[in-house]
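Reading through the structure tokens given below for one structure.
2 protein chains.
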Amino acid sequence: MKSRKIVIVGGVAGGATAAARLRRLNEGAHIVLLERGEHISFANCGLPYYIGGAIEKREKLLVQTVEGMSRRFHLDIRTLSEVLRINRSEKTVSIQNLLSGEVYDESYDTLILSPGAKPIVPPIPGLADARTVFTLRNIPDTDKIKAYVAEAKPKRAVVVGGGFIGLEMAENLHQLGIHVSLVELSAQVMEAMDVEMAAILQQHLRAKGVALYLSDGLKAVEEGGSRLVLQSGTELAADMLVMAVGVQPESSLAKEAGLALGSRNSIRVNEYLQTSDPHIYAVGDAIEVQDWVSGQACFVPLAWPANRQGRIVADTISGKPTPYKGTLGTAIAKVFDLTAAVTGNTEKVLQKRGVPYLTAHIHPNSHAGYYPGAKPLALKLLFSPEDGMLFGAQAVGEKGADKRIDVLATAIKGGLNVWDLAELELAYAPPFSSAKDPVNMLGYVAQNMLEGEVDTIQWHQIRDLAAAGAFVLDVREKKELEGGFIEGAVHIPLDQLRDRLAELPAAETIYIYCHAGLRGYLASRILQEWGFAVKNLDGGYKTYSVACQ
Amino acid sequence: MKSRKIVIVGGVAGGATAAARLRRLNEGAHIVLLERGEHISFANCGLPYYIGGAIEKREKLLVQTVEGMSRRFHLDIRTLSEVLRINRSEKTVSIQNLLSGEVYDESYDTLILSPGAKPIVPPIPGLADARTVFTLRNIPDTDKIKAYVAEAKPKRAVVVGGGFIGLEMAENLHQLGIHVSLVELSAQVMEAMDVEMAAILQQHLRAKGVALYLSDGLKAVEEGGSRLVLQSGTELAADMLVMAVGVQPESSLAKEAGLALGSRNSIRVNEYLQTSDPHIYAVGDAIEVQDWVSGQACFVPLAWPANRQGRIVADTISGKPTPYKGTLGTAIAKVFDLTAAVTGNTEKVLQKRGVPYLTAHIHPNSHAGYYPGAKPLALKLLFSPEDGMLFGAQAVGEKGADKRIDVLATAIKGGLNVWDLAELELAYAPPFSSAKDPVNMLGYVAQNMLEGEVDTIQWHQIRDLAAAGAFVLDVREKKELEGGFIEGAVHIPLDQLRDRLAELPAAETIYIYCHAGLRGYLASRILQEWGFAVKNLDGGYKTYSVACQ
Ligand SMILES: Cc1cc2nc3c(=O)[nH]c(=O)nc-3n(C[C@H](O)[C@H](O)[C@H](O)COP(=O)(O)OP(=O)(O)OC[C@H]3O[C@@H](n4cnc5c(N)ncnc54)[C@H](O)[C@@H]3O)c2cc1C
Ligand SMILES: Cc1cc2nc3c(=O)[nH]c(=O)nc-3n(C[C@H](O)[C@H](O)[C@H](O)COP(=O)(O)OP(=O)(O)OC[C@H]3O[C@@H](n4cnc5c(N)ncnc54)[C@H](O)[C@@H]3O)c2cc1C
Ligand SMILES: CC(C)(COP(=O)(O)OP(=O)(O)OC[C@H]1O[C@@H](n2cnc3c(N)ncnc32)[C@H](O)[C@@H]1OP(=O)(O)O)[C@@H](O)C(=O)NCCC(=O)NCCS
Ligand SMILES: CC(C)(COP(=O)(O)OP(=O)(O)OC[C@H]1O[C@@H](n2cnc3c(N)ncnc32)[C@H](O)[C@@H]1OP(=O)(O)O)[C@@H](O)C(=O)NCCC(=O)NCCS
Chain A
9 MKSRKIVIVG GVAGGATAAA RLRRLNEGAH IVLLERGEHI SFANCGLPYY IGGAIEKREK
69 LLVQTVEGMS RRFHLDIRTL SEVLRINRSE KTVSIQNLLS GEVYDESYDT LILSPGAKPI
129 VPPIPGLADA RTVFTLRNIP DTDKIKAYVA EAKPKRAVVV GGGFIGLEMA ENLHQLGIHV
189 SLVELSAQVM EAMDVEMAAI LQQHLRAKGV ALYLSDGLKA VEEGGSRLVL QSGTELAADM
249 LVMAVGVQPE SSLAKEAGLA LGSRNSIRVN EYLQTSDPHI YAVGDAIEVQ DWVSGQACFV
309 PLAWPANRQG RIVADTISGK PTPYKGTLGT AIAKVFDLTA AVTGNTEKVL QKRGVPYLTA
369 HIHPNSHAGY YPGAKPLALK LLFSPEDGML FGAQAVGEKG ADKRIDVLAT AIKGGLNVWD
429 LAELELAYAP PFSSAKDPVN MLGYVAQNML EGEVDTIQWH QIRDLAAAGA FVLDVREKKE
489 LEGGFIEGAV HIPLDQLRDR LAELPAAETI YIYCHAGLRG YLASRILQEW GFAVKNLDGG
549 YKTYSVACQ
Chain B
9 MKSRKIVIVG GVAGGATAAA RLRRLNEGAH IVLLERGEHI SFANCGLPYY IGGAIEKREK
69 LLVQTVEGMS RRFHLDIRTL SEVLRINRSE KTVSIQNLLS GEVYDESYDT LILSPGAKPI
129 VPPIPGLADA RTVFTLRNIP DTDKIKAYVA EAKPKRAVVV GGGFIGLEMA ENLHQLGIHV
189 SLVELSAQVM EAMDVEMAAI LQQHLRAKGV ALYLSDGLKA VEEGGSRLVL QSGTELAADM
249 LVMAVGVQPE SSLAKEAGLA LGSRNSIRVN EYLQTSDPHI YAVGDAIEVQ DWVSGQACFV
309 PLAWPANRQG RIVADTISGK PTPYKGTLGT AIAKVFDLTA AVTGNTEKVL QKRGVPYLTA
369 HIHPNSHAGY YPGAKPLALK LLFSPEDGML FGAQAVGEKG ADKRIDVLAT AIKGGLNVWD
429 LAELELAYAP PFSSAKDPVN MLGYVAQNML EGEVDTIQWH QIRDLAAAGA FVLDVREKKE
489 LEGGFIEGAV HIPLDQLRDR LAELPAAETI YIYCHAGLRG YLASRILQEW GFAVKNLDGG
549 YKTYSVACQ
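Heads up: the protein sequence lines correspond to chains A and B, in order. Using this note's numbering, read the first sequence as starting at 9 and increasing by one per residue. Using this note's numbering, read the second sequence as starting at 9 and increasing by one per residue.
Dropping the structure here:
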């Protein structure tokens with residue numbers, strides 16, 4: 009092993025991590041790290057925040073320098089060195105020195121590909137010619153945006169794409185005093201979440217002054233970028249345009265070398281991250297992975313998987329074979345004052361897969377309501393109606409969303425079910441949580457559904473039911489109706505319910521709702537015990553009203 | 009079932025929760041909630057923060073009122089009603105109405121005891137006579153302290169006991185501008201943690217101006233409370249004294265009724281929370297529980313167990329038998345700007361149990377260092393040297409301690425090991441974490457120890473080794489030595505190590521240290537690969553220096 013030569017293509021998350029771990033396990037190996045760009049090991053994820061100014065110093069983005077990393081890990085690092093070709097039969101790569109133009113071959117015993125993914129730029133008329141169009145992947149991209157903002161002092165930016173990077177760019181440009189319009193082809197921002205959870209973000213974005221154009225796409229770029237025409241016909245004036253419609257694997261090298269490709273042209277690997285050529289491994293944004301929940305092939309360009317894969321591929325190559333067990337897709341973003349976080353499968357994905365599922369929505373406080381600073385937290389859980397196994401979870405709120413999603417991601421990887429969630433003994437003191445943590449509460453709510461203590465309906469069902477003349481019962485206090493109600497609902501506050509049973513229909517289903525679901529549940533229990541047929545609106549008026557906006 | 013009569017003793021965490029859940033499952037049952045005090049369902053855990061002023065309104069402490077709770081849950085709630093006796097053969101309790109003095113009997117089909125625990129007040133000379141001595145359990149206690157502070161404007165408070173409540177009181181009195189001295193019999197505050205983790209809190213308390221008297225106890229109270237004499241002979245002038253030396257189960261009722269008792273006189277129950285009398289259940293602070301990790305009997309007076317037990321006892325009584333699987337002891341406290349959190353067994357407990365264990369200490373940032381606001385977080389993991397199973401974890405830091413302990417508590421309850429920690433796919437974006445979350449990092453560090461990639465020594469071993477002439481190697485940068493070093497250590501910065509191997513002894517063990525353990529680990533790997541015998545100081549100089557203060 010010690011004399012083996014390992015060549016790595018790509019010097020950032022996956023590549024640099026693999027190089028560092030390889031050195032720790034093999035002091036004697038020759039490790040070559042090839043990077044097309046000028047920088048290795050930079051903080052991709054920090055780029056939007058450097059643009060917005062939260063990260064003040066550019067050098068903070070450089071987690072490691074070429075010099076520092078070469079010295080510490082005794083690596084042969086070559087930046088501005090693009091790998092043009094993999095010559096599998098010779099076991100060499102052809103490298104172009106981007107400074108001198110020189111092309112040369114370098115041999116390898118083992119090759120690791122970590123070339124990442126690049127922004128998708130769709131073939132939209134006028135886009136290629138516009139001078140004020142930006143994408144964001146690396147430090148030169150960032151420098152370009154930073155310089156343009158400083159020099160041209162744009163007043164109106166249009167961000168196309170409402171995913172993680174689009175939302176982060178919207179926030180950071182807004183932070184600079186630029187008016188931001190966000191254009192998104194789908195009916196919601198943050199495709200990684202379900203629509204009613206994303207709706208909370210949309211409400212917040214609008215409140216912050218971001219103009220949202222949902223279910224709409226960029227059709228044409230005119231006047232060199234200063235006029236944008238959307239598919240709806242809407243025209244937007246823009247001083248700058250950020251294209252953030254997603255990324256695609258940088259798999260052309262692999263493809264040209266005849267390696268097997270998978271979904272969305274990502275590089276196909278086995279569980280040891282080995283490509284169809286046993287001497288070539290691949291990691292990071294460029295590869296196809298298995299969805300941890302469904303086992304289906306997918307493409308998840310995130311930093312945790314890239315780092316994890318970089319480390320384990322080094323282990324495997326060093327004689328400690330370590331499988332990659334799949335990607336859960338845990339992800340998080342700061343969206344102005346909110347945090348949006350997700351793990352596992354969404355409802356959309358479960359529907360597409362045709363898997364039976366149940367959902368629970370709750371709106372607890374981030375910590376005990378009587379201690380200052382508690383903020384509402386919207387949580388959604390997806391689980392199996394058969395055995396209560398967890399499929400996924402989503403959280404949106406000002407505080408504590410990250411913690412609950414991390415606990416739920418741990419629970420999913422640990423194979424826990426909804427009963428186990430109720431058993432989780434989480435840390436409680438008033439500044440941090442409640443004696444029943446929101447995650448416990450999700451467990452309780454889900455468990456009640458599975459044990460038949462309550463039957464629920466979803467936000468998208470109740471309006472139609474009400475319109476069709478179903479008996480809808482609002483159990484909130486009178487003054488809460490001022491904030492809105494479901495048309496046609498009968499109003500009996502929870503605490504009067506036992507005295508007013510005679511007002512309820514004995515022979516038809518009663519659809520109950522309250523503010524967040526808790527009082528509706530209490531009402532359901534009372535009525536169910538009295539023999540009525542009832543269903544409670546999951547997540548209450550809170551989920552309903554934001555989702556139906 | 010519906011006609012059954014259930015009597016509950018104690019109307020706060022365990023009792024009120026049981027009552028609410030019982031009603032939800034049994035609309036027709038007669039449920040009597042008996043409470044000695046004036047209030048039910050109050051926020052015990054919020055009391056210190058009301059005293060300190062963070063919680064401004066007293067009514068915020070009342071999570072439920074008698075009126076509100078009676079109406080909502082159709083309960084027969086009797087406050088100022090003390091249960092004097094359980095008459096097991098008659099299946100009645102004798103109750104005294106504390107307003108009228110009247111005593112009467114009330115029958116039960118099932119009795120639930122949730123009487124809680126009361127502050128221990130040791131028989132210290134002068135204590136009983138002092139007028140400025142306080143304990144804190146309920147709202148009247150809180151009112152007394154609040155009123156005394158407002159009227160007497162005390163300048164110097166002495167808090168005896170450095171556990172959760174003692175620390176919270178120290179902070180909250182300090183918050184009011186009162187000088188606080190904290191007296192603790194043991195050598196550390198926060199017995200629930202290990203000494204080197206508690207040392208971080210001690211450093212912080214001192215920096216905030218709290219006078220700490222460790223390894224010292226209160227011996228006598230003189231001059232009606234204004235002079236306190238410690239066991240060391242130290243005398244403290246005090247305008248008020250808060251006794252927070254721990255709590256003991258309120259088990260006299262149970263004891264007098266001949267129910268079996270367990271450790272520290274707590275009420276003994278089986279896994280269904282049934283006492284030695286099958287018609288009597290008990291929950292909360294008053295009962296003995298099994299330690300989740302060791303299975304040993306213990307007494308853990310915390311709100312999560314009380315709430316959980318309250319709910320499941322209601323299930324069991326309602327025909328859904330649900331076992332209580334033990335208590336992990338997850339706990340947390342805000343200590344001024346720091347958070348201290350713990351789950352599972354400490355090193356002290358493992359030592360006492362005689363269980364072989366390994367420990368790992370790390371000092372990561374709470375989130376990516378390049379994003380503003382990241383704070384250092386000290387984490388400790390205890391795990392099995394045999395199979396990597398998790399025994400416990402501790403965290404101290406300004407940010408993110410609660411999240412990591414919750415993830416680790418979930419991992420422990422999920423039966424995960426150190427390899428699984430590395431696999432946890434936690435939510436990463438720069439404001440929230442790092443691409444390798446601190447919990448992943450704990451997994452990596454522990455895994456390296458188990459796989460023989462590194463051998464470690466602990467902070468309490470290296471000083472003696474250095475003193476005894478062992479070869480200690482400091483691999484930090486030169487300027488770091490200004491902040492302190494281990495006497496006698498040889499200094500070779502990590503990045504020069506490969507060039508200076510000749511300066512190292514080939515035939516003896518080299519004890520390496522750096523700032524936090526990471527560079528020491530890198531040095532260990534290099535030297536180990538070159539054939540040297542090495543051990544790395546776990547947690548680095550950071551753990552060492554605070555622990556050896
Ligand atoms: C703006 C932005 C924000 C992000 N925020 C987050 C976040 O908050 N959380 C999160 O989890 N993820 C985030 N990501 C994604 C994360 O950065 C990636 O998942 C991760 O960097 C992938 O690692 P990788 O090694 O696969 O690819 P990269 O880190 O992209 O590295 C690939 C490198 O390979 C080089 N390369 C490619 N082809 C060649 C070649 N032929 N020859 C030589 N070199 C080549 C490229 O120049 C590139 O530097 C963000 C990404 C961006 C762009
Ligand atoms: C100041 C303070 C801060 C705390 N902070 C935290 C924290 O941050 N996190 C945490 O997890 N835990 C905390 N706790 C502990 C938590 O409050 C308890 O674990 C929890 O309340 C226990 O619930 P319980 O039902 O067993 O007892 P309690 O909530 O104490 O209720 C017992 C009730 O029974 C009544 N009673 C007793 N005997 C009789 C009788 N014979 N007849 C009638 N009534 C009777 C008592 O008056 C009392 O109101 C704190 C406690 C205190 C005092
Ligand atoms: C900088 C970079 C090369 C570092 O790689 P690395 O050395 O593997 O990672 P870290 O510096 O986090 O150190 C982790 C190692 O230190 C060890 N370690 C960490 N703290 C330790 C401690 N206190 N004691 C002992 N060991 C410790 C870990 O076990 C791990 O070693 P292992 O993999 O051999 O088990 C790589 O992370 C990188 O390029 N990052 C920037 C790019 C990126 O990730 N972008 C996407 C996110 S913005
Ligand atoms: C106030 C108190 C009586 C409430 O008890 P409770 O009704 O069991 O608890 P909550 O109000 O938190 O509600 C939890 C119930 O609502 C359900 N619920 C919560 N949110 C819901 C939602 N959005 N939709 C449907 N159901 C919901 C839960 O499933 C649970 O019901 P279950 O136990 O039947 O499964 C009790 O918690 C108490 O006395 N607390 C104060 C004392 C205390 O705990 N002190 C120590 C800490 S300071």
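All residues carry an ideal CB built from backbone N, CA and C; glycine is no exception.
DSSP three-state assignment for residue i, whether helix, strand or coil
i	result
B/I413	helix
B/C556	coil
A/R164	strand
B/H38	strand
A/F50	strand
A/M397	strand
B/E230	strand
Residue burial classification, residue i (beta-carbon count within 10 angstroms, cutoff 16)
i	result
B/Y112	exposed
B/S11	exposed
A/D410	buried
B/D202	buried
A/I128	exposed
B/H287	exposed
A/N278	exposed
Distance cut-off 8 Å: residue i Cβ against heavy atoms of ligand 2
i	result
B/A28	no
A/E431	no
A/A474	no
A/Y436	yes
Chain-order list of residues whose beta-carbon lies under 7 Å from that of residue i (same chain, five-residue window excluded)
i	result
B/M177	P56, L144, V167, V250 and A252
Rounded straight-line distance, which links the Cα of residue j to that of residue i
i	j	result
B/P439	A/K342	7 Å
A/N425	B/V301	20 Å
B/F479	A/V15	37 Å
B/H47	A/L481	33 Å
A/A102	A/A268	Reading off the sequence shown, one finds Ser at residue 102 of chain A, where the question assumed Ala. Roughly 20 Å separates the two Cα atoms.
B/P6	B/Q402	Summary: the structure shown does not reach residue 6 of chain B, with chain B confined to residues 9 through 557, and so no result is reported for it.
B/Y95	B/K263	The sequence shown places Asn at residue 95 of chain B, not Tyr. So the two alpha carbons sit approximately 12 Å from each other.
B/Y289	B/V321	7 Å
B/R316	A/D472	38 Å
B/F142	B/G528	49 Å
Residue i: CB within 8 Å of a non-hydrogen atom of ligand 6
i	result
A/L530	Although ligand 6 was asked about, the structure shown includes only ligand 1, ligand 2, ligand 3 and ligand 4 as ligands.
Residue i: CB within 8 Å of a non-hydrogen atom of ligand 4
i	result
B/T150	no
Neighbourhood of residue i by C-beta, 6 Å cutoff - its chain only, sequence neighbours within 5 removed
i	result
A/G547	H369 and G525
Partner residues on chain D for residue i, Cβ-Cβ distance less than 8 Å
i	result
B/D247	The question asks about chain D, but that chain is absent: this structure's protein chains are A and B.
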